[in-house]
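As numbered in the working numbering, residues 10 to 181 make up the sequence shown, in order.
Note that CB positions come from ideal geometry on N, CA and C, so glycine has one too.
On a predicted model such as this, the values are computed, not experimentally measured, just so you know.
First comes the structure, then the notes that go with it.
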Amino acid sequence: YYADVNRVVGGLVDSFPSAALLISRFVFSLIALAIIDYRFLLGILVFGIFFVGFGYFYSKKYKKYQKRAIESDAEINKFMLESFSNLKLLKSLNSENRALERNNDDLKNNEIIKRKRNNFSLIGSSGLLIFLRIVYLGTFVYGALMIFNGQLTYGSLTGLIQLVSFIEGPLT
């Protein structure tokens with residue numbers, strides 16, 4: 010009991026400061042970007058709004074896949090428990106083969122459902138990483154163009170990239 014309470018308290022003690030750090034970095038990075046170059050911040054915000062909208066629709070679709078996977082697991086577990094509890098009845102009715110075939114079919118369907126869910130999850134994770142790399146590349150190209158025009162220094166470009174990484178932190 011003491012170890013469980015310790016673990017919960019430790020999690021709470023670690024979680025709140027970490028969350029406060031992420032939120033403060035995010036907010037102050039946005040403020041610093043507004044000070045350095047408000048046009049770049051507007052570009053990041055437009056991409057961010059697109060990203061949040063995409064994430065909303067993606068999560069709705071993923072929840073459907075997750076729900077189907079959980080239901081499929083529950084159906085398999087229920088069938089297995091009923092089969093084992095009624096094993097004598099199955100043997101007396103000579104229907105072990107039918108039960109085995111149904112179980113195999115359910116397992117194949119479960120595998121297909123989970124494969125679809127996992128593939129969809131991989132597509133989402135890869136999409137997020139690609140999106141974030143595009144933002145980094147855009148930051149670098151924008152900074153290089155601003156350096157070329159004399160409106161930004163190399164140190165400011167480094168600062169922009171660092172600020173973008175602080176904004177990215179809570180998203181990943």
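Alpha helix (DSSP H) segment containing residue i, residue limits
{"i": "Gly64", "result": "47 to 94"}
{"i": "Phe178", "result": "Checking the displayed sequence, the identity of residue 178 turns out to be Gly instead of Phe. That residue, Gly178, is in no alpha helix (DSSP H); it is neither H nor E in DSSP."}
{"i": "Asn113", "result": "105 to 157"}
C-beta contact flag for residue i and residue j at 8 angstroms
{"i": "Arg142", "j": "Ala78", "result": "no"}
{"i": "Phe56", "j": "Val144", "result": "yes"}
{"i": "Ser27", "j": "Ile176", "result": "no"}
{"i": "Gly178", "j": "Leu31", "result": "yes"}
{"i": "Ser81", "j": "Asn106", "result": "no"}
{"i": "Ile156", "j": "Leu172", "result": "no"}
{"i": "Ser94", "j": "Ala108", "result": "no"}
{"i": "Phe88", "j": "Asn112", "result": "yes"}
{"i": "Gly133", "j": "Tyr67", "result": "yes"}
{"i": "Glu84", "j": "Asp46", "result": "no"}
{"i": "Thr148", "j": "Ile170", "result": "yes"}
Exposed unless 16 or more other CB atoms sit within 10 angstroms - verdict on residue i
{"i": "Ser152", "result": "Note on identity: in this sequence residue 152 is Gly, with Ser being the wrong assignment. Buried, by the Cβ-count rule."}
{"i": "Leu51", "result": "exposed"}
{"i": "Ile44", "result": "exposed"}
{"i": "Leu42", "result": "buried"}
{"i": "Thr162", "result": "exposed"}
{"i": "Phe49", "result": "buried"}
{"i": "Ile139", "result": "exposed"}
{"i": "Ile40", "result": "exposed"}
{"i": "Ile53", "result": "buried"}
Any non-hydrogen atom of the ligand GDP within 7 angstroms of residue i CB
{"i": "Ser92", "result": "Here there are no bound small molecules, and the ligand GDP is not part of this structure."}
Between the region 60 to 75 and the region 123 to 140, are three or more C-beta pairs nearer than 8 angstroms? yes
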